[in-house]
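Participant: Taking my numbering, the leading residue of the sequence shown gets 3, the next gets one more, and so forth.
Even glycine gets a Cβ: it sits at the ideal position worked out from N, Cα and C.
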Amino acid sequence: MNALAPLPTLANGVGQCGAREIVQERGQREVFCGLTGIVWLHRKIQDAFFLVVGSRTCAHLIQSAAGVMIFAEPRFATAILEDRDLAGIADIDDELDAVVDRLLARRPEIKLLFLVGSCPSEVIKIDLSRAAARQSRVHAPRVRVLSYSGSGIETTFTQGEDACLAALVPTLPQEASNAPHSLLVVGALADVVEDQFARLFDALGIAPVRFLPMRRAADLPAIGPNASFLLAQPFLGDTAHALQERGARRIEAPFPLGAEGTTLWLRAAADAFGVTQERFDAVTAPARARAEQALTHYRATLAGKRIFLFPDSQLEPALARFLAREAAMEIVEIGTPYLHRRHMASELELLPQDAPIVEGQHVENQLDRCRAARPDLVLCGLGLANPLEAEGFTTKWSIELLFSPIQGYDQAGDLAELFARPLNRRARLEV
Ligand code: SF4
3 MNALAPLPTL ANGVGQCGAR EIVQERGQRE VFCGLTGIVW LHRKIQDAFF LVVGSRTCAH
63 LIQSAAGVMI FAEPRFATAI LEDRDLAGIA DIDDELDAVV DRLLARRPEI KLLFLVGSCP
123 SEVIKIDLSR AAARQSRVHA PRVRVLSYSG SGIETTFTQG EDACLAALVP TLPQEASNAP
183 HSLLVVGALA DVVEDQFARL FDALGIAPVR FLPMRRAADL PAIGPNASFL LAQPFLGDTA
243 HALQERGARR IEAPFPLGAE GTTLWLRAAA DAFGVTQERF DAVTAPARAR AEQALTHYRA
303 TLAGKRIFLF PDSQLEPALA RFLAREAAME IVEIGTPYLH RRHMASELEL LPQDAPIVEG
363 QHVENQLDRC RAARPDLVLC GLGLANPLEA EGFTTKWSIE LLFSPIQGYD QAGDLAELFA
423 RPLNRRARLE V
């Protein structure tokens with residue numbers, strides 16, 4: 003197992019994480035920007051609207067990623083910065099206020115408006131936090147206006163969600179000093195997954211349980227020292243920090259991918275709330291058995307196959323752990339745009355010790371290593387997938403793992419299937 007292709011010596015540096023060696027690379031990156039998060043966030047918070055303050059490029063990105071809805075009014079748009087704005091001739095504050103006034107007059111169902119910064123708005127230094135505070139004063143109490151940056155200058159695509167949720171944290175109500183111990187699950191999950199977890203926590207006797215992001219703007223979860231939070235996504239470093247600043251305590255756990263990951267994630271919450279092992283086993287055993295049964299089906303396709311994970315979403319270490327331990331795949335390299343050492347500590351312990359982890363990106367060097375290793379499957383962003391397919395590699399788009407429900411017991415088989423499908427498709431083409 004994991005008799006790895008040799009990892010060429012990397013010029014950029016090697017760090018330690020516990021006993022684990024992490025290679026750091028710096029160079030050209032191939033990742034989407036944080037605006038991409040709007041695609042799943044606008045579906046999640048059902049009365050929120052995301053107004054990108056950006057260029058036509060930003061508008062194209064978000065429209066093509068989210069799809070143009072013909073019959074429904076979308077809950078995102080772009081206020082396009084024109085040449086006059088970029089040249090400093092127009093009064094951007096006035097123009098933005100007018101756009102927001104028109105939007106909110108036309109769409110009374112909007113209760114929460116995010117002004118989303120972009121590369122152009124950052125380059126010309128538009129102060130969106132000041133604009134949001136000003137517009138909040140005008141439109142309160144009907145609408146709350148917040149801001150965050152989705153700019154691609156320094157961020158990768160999942161960091162848009164982190165920035166969005168971190169912007170929400172200061173608006174969460176303070177819990178009462180005598181509030182019971184509560185659980186906050188943090189990170190956007192498909193509604194079906196959220197409902198499954200809510201039922202499991204209820205059966206375990208863990209209550210109250212709330213989710214961030216919430217489905218409705220008015221349902222802000224209260225937070226404070228009696229709240230514990232459990233990250234459902236690994237890319238929420240700023241949000242976790244903001245919650246800890248409010249006194250909440252993070253529950254250390256791997257992420258709920260696969261039967262094992264879901265069990266360990268739920269078990270960590272159960273331990274924090276004093277649930278007995280007997281009750282935990284009784285509640286989780288049926289769903290865990292279903293998940294393991296579903297995985298058996300896909301293991302026949304995946305076992306022994308070699309996978310190279312390019313850095314894209316920060317999900318890569320958790321996915322590699324799932325693929326190695328539950329699908330018996332061989333990990334050639336785990337790339338991740340950023341590795342949060344503390345939040346990933348449990349994942350790192352579970353990863354095969356000989357699976358190289360590379361943080362950051364030098365895309366040319368990484369492509370060279372991938373070509374030399376000739377993996378059976380490559381997980382990568384859209385920009386790399388087509389060229390690699392043209393070279394004969396089988397690829398999986400990493401962004402699909404954000405758009406698909408993959409967390410929890412009942413999705414473990416679906417998660418494995420996302421990796422089995424391109425291998426099966428390639429096998430059919432080769433017949
Ligand atoms: S925010 Fe930056 S990277 Fe993203 S679409 Fe706009 S210009 Fe491009």
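Within 7 Å: the Cβ of Leu37 and any heavy atom of the ligand SF4?
Facilitator: Within the sequence shown, residue 37 is the residue found at index 35, counting from 1. Checking the Cβ of Leu37 against the ligand SF4 gives yes.
Participant: I'd like to know whether the C-beta atoms of Phe237 and Ala250 end up nearer to each other than 8 Å.
Facilitator: Translated into positions along the sequence shown, residue 237 becomes position 235. Translated into positions along the sequence shown, residue 250 becomes position 248. No; because the gap between Cβ atoms is not below 8 Å, this pair is not in contact.
Participant: Give me the Cα-Cα distance between Ala13 and Ala418, rounded to the nearest whole angstrom.
Facilitator: To locate residue 13, count along the sequence shown from 1; it is residue 11. To locate residue 418, count along the sequence shown from 1; it is residue 416. Because the pLDDT of Ala13 is 43, which lies under 50, any placement of that residue in the model is unreliable, and the question is left without a value.
Participant: Between which two residues does the alpha helix (DSSP H) holding Ile64 run?
Facilitator: In the sequence shown, residue 64 corresponds to position 62, counting from 1. Start and end: 58 to 68.
Participant: For the ligand SF4, any of its heavy atoms closer than 7 Å to the Cβ of Gly56?
Facilitator: Indexing the sequence shown from 1 puts residue 56 at position 54. Answer for Gly56: yes, Cβ within range of the ligand SF4.
Participant: Between the segment 110 to 124 and the segment 53 to 61, do at least 3 Cβ pairs fall closer than 8 Å?
Facilitator: Touching, yes, given that three or more Cβ pairs across the two stretches are closer than 8 Å.
Participant: Output needed for Glu402: all residues of its chain with C-beta closer than 7 Å, excluding positions within five of it in sequence on either side, in chain order.
Facilitator: Counting from one through the sequence shown, the residue named residue 402 turns up at place 400. Cβ neighbours of Glu402 beyond the five flanking positions: Leu420.
Participant: Give, in chain order, every unbroken run of the beta strand (DSSP E) that is at least 3 residues long and sits entirely within the segment 175 to 200.
Facilitator: You should have 184 to 188.
Participant: Quick one: grab the DSSP three-state call for Ser131.
Facilitator: Translated into positions along the sequence shown, residue 131 becomes position 129. The answer is helix: DSSP assigns Ser131 an H, G or I state.
Participant: Are the Cβ atoms of Gly29 and Gln363 separated by less than 8 Å?
Facilitator: Mapped onto the sequence shown, residue 29 falls at position 27. Mapped onto the sequence shown, residue 363 falls at position 361. Their beta carbons are under 8 Å apart, which means Gly29 touches Gln363 by this criterion.
Participant: Distance check for Lys307 and Asp49, CA to CA, integer angstroms please.
Facilitator: The residue you call residue 49 lines up with position 47 of the sequence shown. The residue you call residue 307 lines up with position 305 of the sequence shown. Roughly 44 Å separates the two Cα atoms.
Participant: Can you give me the C-alpha to C-alpha distance between Gly385 and Ala329, rounded to a whole angstrom?
Facilitator: Here residue 385 is taken as the residue at index 383 of the sequence shown, counted from 1. Here residue 329 is taken as the residue at index 327 of the sequence shown, counted from 1. Rounded to the nearest angstrom, the two C-alpha atoms are 27 Å apart.
Participant: Under three-state DSSP, which class holds Ile24?
Facilitator: Residue 24 sits at position 22 when you count from the first residue of the sequence shown. Three-state DSSP puts Ile24 in a strand.
Participant: With a threshold of 7 Å (Cβ to nearest heavy atom), would Cys166 be considered close to the ligand SF4?
Facilitator: If you number the sequence shown from 1, residue 166 lands on position 164. Checking every heavy atom of the ligand SF4 against the Cβ of Cys166, none is found closer than 7 Å.
Participant: I need the straight-line Cα distance from Gln161 to Tyr340, nearest angstrom please.
Facilitator: As a working note, residue 161 is residue 159 in the sequence shown. As a working note, residue 340 is residue 338 in the sequence shown. Gln161 and Tyr340: Cα-Cα distance of roughly 10 Å.
Participant: Does any heavy atom of the ligand SF4 sit closer than 7 Å to the C-beta of Gly249?
Facilitator: Locating residue 249 in the sequence shown gives position 247, counting from the first residue. Checking the Cβ of Gly249 against the ligand SF4 gives no.
Participant: Is it the case that the CB of Pro122 approaches a heavy atom of the ligand SF4 more closely than 7 Å?
Facilitator: Within the sequence shown, numbered from 1, the residue matching residue 122 stands at position 120. Because some heavy atom of the ligand SF4 lies under 7 Å away, the Cβ of Pro122 counts as near it: yes.
Participant: Considering only the alpha carbon of each residue, which of Ala244, Val194, Asp416, Ile82 lies closest to His299?
Facilitator: If you number the sequence shown from 1, residue 299 lands on position 297. Nearest C-alpha to His299: Asp416.
Participant: Give me the Cα-Cα distance between Ile128 and Phe34, rounded to the nearest whole angstrom.
Facilitator: Stepping through the sequence shown from its first residue, residue 128 is reached at position 126. Stepping through the sequence shown from its first residue, residue 34 is reached at position 32. Near 22 Å, if we compare the C-alpha coordinates of Phe34 and Ile128.
Participant: Which of the three DSSP states, helix, strand or coil, is assigned to Gly119?
Facilitator: The count along the sequence shown starts at 1 and reaches residue 119 at position 117. If DSSP states are grouped into helix, strand and coil, Gly119 belongs with the strands.
Participant: Starting from Gln279, trace the alpha helix (DSSP H) both ways and give me its first and last residue.
Facilitator: Stepping through the sequence shown from its first residue, residue 279 is reached at position 277. Its alpha helix (DSSP H) spans residues 279 to 304.
Participant: Among Arg217, Thr286, Ser400, which residue has its Cα nearest to the Cα of His44?
Facilitator: Mapped onto the sequence shown, residue 44 falls at position 42. Ranking Arg217, Thr286, Ser400 by Cα distance to His44 puts Arg217 first.
Participant: Tyr340 by DSSP, collapsed to three states: which one?
Facilitator: Numbered from 1 along the sequence shown, position 338 holds the residue referred to as residue 340. Tyr340: coil per DSSP, three-state reduction.
Participant: Spell out the partners DSSP gives Ala229 in its beta bridges.
Facilitator: The sequence position of residue 229 within the sequence shown is 227, counting from 1. According to DSSP, which records beta bridges pairwise, Ala229 is partnered with Ser184.
Participant: Heavy atom of the ligand SF4 less than 7 Å from the Cβ of Leu98, yes or no?
Facilitator: Numbered from its first residue, the sequence shown carries residue 98 at position 96. Outside the cutoff, so no.
Participant: Can you give me the C-alpha to C-alpha distance between Glu177 and Thr241, rounded to a whole angstrom?
Facilitator: On the sequence shown, position 175 is the one that residue 177 refers to. On the sequence shown, position 239 is the one that residue 241 refers to. Distance between the alpha carbons of Glu177 and Thr241 is about 18 Å.
Participant: Give me the Cβ distance between Phe159 and Thr38, rounded to the nearest whole Å; I'm assuming they're in contact under 8 Å.
Facilitator: Against the sequence shown, residue 159 aligns to sequence position 157. Against the sequence shown, residue 38 aligns to sequence position 36. That pair is a contact at about 4 Å.
Participant: Whose C-beta lies closer than 6 Å to the C-beta of Val277 among residues of the same chain, with five residues either side of it excluded?
Facilitator: Counted from its first residue, the sequence shown places residue 277 at position 275. Excluding sequence neighbours, Val277 sits near Leu206.
Participant: Is the beta carbon of Leu43 within less than 7 Å of some heavy atom of the ligand SF4?
Facilitator: Looking up residue 43 in the sequence shown gives position 41. No, the ligand SF4 has no heavy atom inside 7 Å of this Cβ.
Participant: Does the ligand SF4 have even one heavy atom less than 7 Å from the beta-carbon of Ser131?
Facilitator: Position 129 of the sequence shown, counted from the first residue, corresponds to residue 131. Checking the Cβ of Ser131 against the ligand SF4 gives no.
Participant: Which of the three DSSP states, helix, strand or coil, is assigned to Arg423?
Facilitator: Reading the sequence shown from its first residue, position 421 is the one you call residue 423. Helix.
Participant: Identify which residue in Val365, Ala375, Leu259 has its Cα closest to the Cα of Ala322.
Facilitator: Mapped onto the sequence shown, residue 322 falls at position 320. Selected option, being the one with the closest Cα: Leu259.
Participant: Which residues bound the beta strand (DSSP E) around Gly362?
Facilitator: Residue numbering aside, residue 362 sits at position 360 when the sequence shown is read from its first letter. Here the beta strand (DSSP E) through Gly362 covers 359 to 363.
Participant: Measure the beta-carbon distance from Leu425 to Thr396 and round it to whole angstroms, keeping in mind my assumption that it falls under 8 Å.
Facilitator: Numbered from its first residue, the sequence shown carries residue 425 at position 423. Numbered from its first residue, the sequence shown carries residue 396 at position 394. That belief holds up - the Cβ atoms of Leu425 and Thr396 are roughly 6 Å apart, short of 8 Å.
Participant: Report the residue from Pro256, Ala289, Ala134 whose alpha carbon sits nearest the alpha carbon of Ser151.
Facilitator: Along the sequence shown, one-based indexing puts residue 151 at 149. Ranking Pro256, Ala289, Ala134 by Cα distance to Ser151 puts Ala134 first.
Participant: Unbroken beta strand (DSSP E) runs of length 3 or more, entirely within the segment 374 to 410: which are they?
Facilitator: If we require 3 residues or more, the beta strand (DSSP E) runs fully inside the segment 374 to 410 come out as 379 to 382, 397 to 399.
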